[in-house]
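In the working numbering, the protein residues as written are 110 to 335. Even glycine gets a Cβ: it sits at the ideal position worked out from N, Cα and C. As the structure is a prediction and not an experimental result, all values here were calculated from the model. Everything on this sheet refers to the single structure shown next.
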């Protein structure tokens, strides 16, 4: 009995001394919000998952400033984001079946390996939850997936690696809307740069946050570590 009390005391002391998990970020009053519910099938450690949720929730404020999308808060009863363990490498997708949902495969990688994919899918799900937004440019029709044009790019937010995304400037001069129908080979989700080469960036969030970049032509991508 004494031994059990000693062990119990040690456990309680450890719990008291442990750093408490930080509360989830709350959305500012007056700003539209959307609840997202993570289904943690990959069994990511709660503290690591909470850190990613906080960073992505904070990023959705940046997204809202650019696109007018809702702020994301994580909790029960929301759109589902399924964290899954399979796949040769971390990746994700989002779709709509009754309500928007996203799938993110961690591939057993560290948080550094999959957090950008998690952020990528949340960004696109908030901006186009039903996957109906298309735009037309130069005779081709494209699905507007705002993280795809800069898919290889990311930046750190609150210590978490999150996905870059393009701003509306990327699509300057395109006709946009759900009424544009995507058909056949003319449809793709790797959105081309529409803004004329003479326009000065930044056309994406990462460079808006860090530094202005030089004028450059369509389809030019910068390396992830630039």
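Cβ separation of residue i and residue j, assumed to be a contact under 8 Å, to the nearest whole Å
i: residue 259; j: residue 275; result: 6 Å
i: residue 212; j: residue 191; result: 5 Å
i: residue 146; j: residue 185; result: 6 Å
i: residue 165; j: residue 228; result: 5 Å
i: residue 266; j: residue 167; result: 6 Å
i: residue 257; j: residue 315; result: With 8 Å as the limit, residue 257 and residue 315 do not qualify as a contact, their Cβ atoms being about 14 Å apart.
i: residue 255; j: residue 233; result: 6 Å
i: residue 252; j: residue 240; result: 7 Å
i: residue 195; j: residue 214; result: 6 Å
Closest residue to residue i among the options (Cα-Cα distance)
i: residue 235; options: 198, 187, 268; result: 187
i: residue 200; options: 218, 265, 189; result: 218
i: residue 140; options: 314, 170, 272; result: 170
i: residue 204; options: 155, 230, 177; result: 230
i: residue 193; options: 144, 163, 177, 226; result: 226
i: residue 144; options: 280, 163, 156, 157; result: 163
Neighbourhood of residue i by C-beta distance below 7 Å, restricted to the same chain and skipping five residues each side
i: residue 136; result: 142, 180, 182
i: residue 289; result: Reliability of the predicted coordinates at residue 289 is poor, the pLDDT of 37 falling under 50, and no value is obtained from them.
i: residue 198; result: 216
i: residue 208; result: 188
i: residue 149; result: 158, 192
i: residue 151; result: 192, 193, 194, 215
Identified DSSP bridge partners for residue i
i: residue 193; result: 214
i: residue 201; result: 213
i: residue 142; result: 180
i: residue 147; result: 190
i: residue 206; result: 208
i: residue 270; result: 265
Helix, strand or coil at residue i according to DSSP, with G and I counted as helix
i: residue 166; result: helix
i: residue 262; result: coil
i: residue 226; result: helix
i: residue 237; result: coil
i: residue 257; result: helix
i: residue 314; result: helix
i: residue 171; result: helix
i: residue 275; result: strand
i: residue 153; result: coil
i: residue 160; result: helix
Close-in-space but distant-in-sequence residues of the same chain around residue i (CB under 6 Å, 5 per side omitted)
i: residue 224; result: 161, 269, 270
i: residue 202; result: 212
i: residue 238; result: 209
i: residue 264; result: 315
Residue i: CB within 7 Å of a non-hydrogen atom of the ligand FAD
i: residue 272; result: This structure lacks the ligand FAD, and indeed carries no ligand of any kind.
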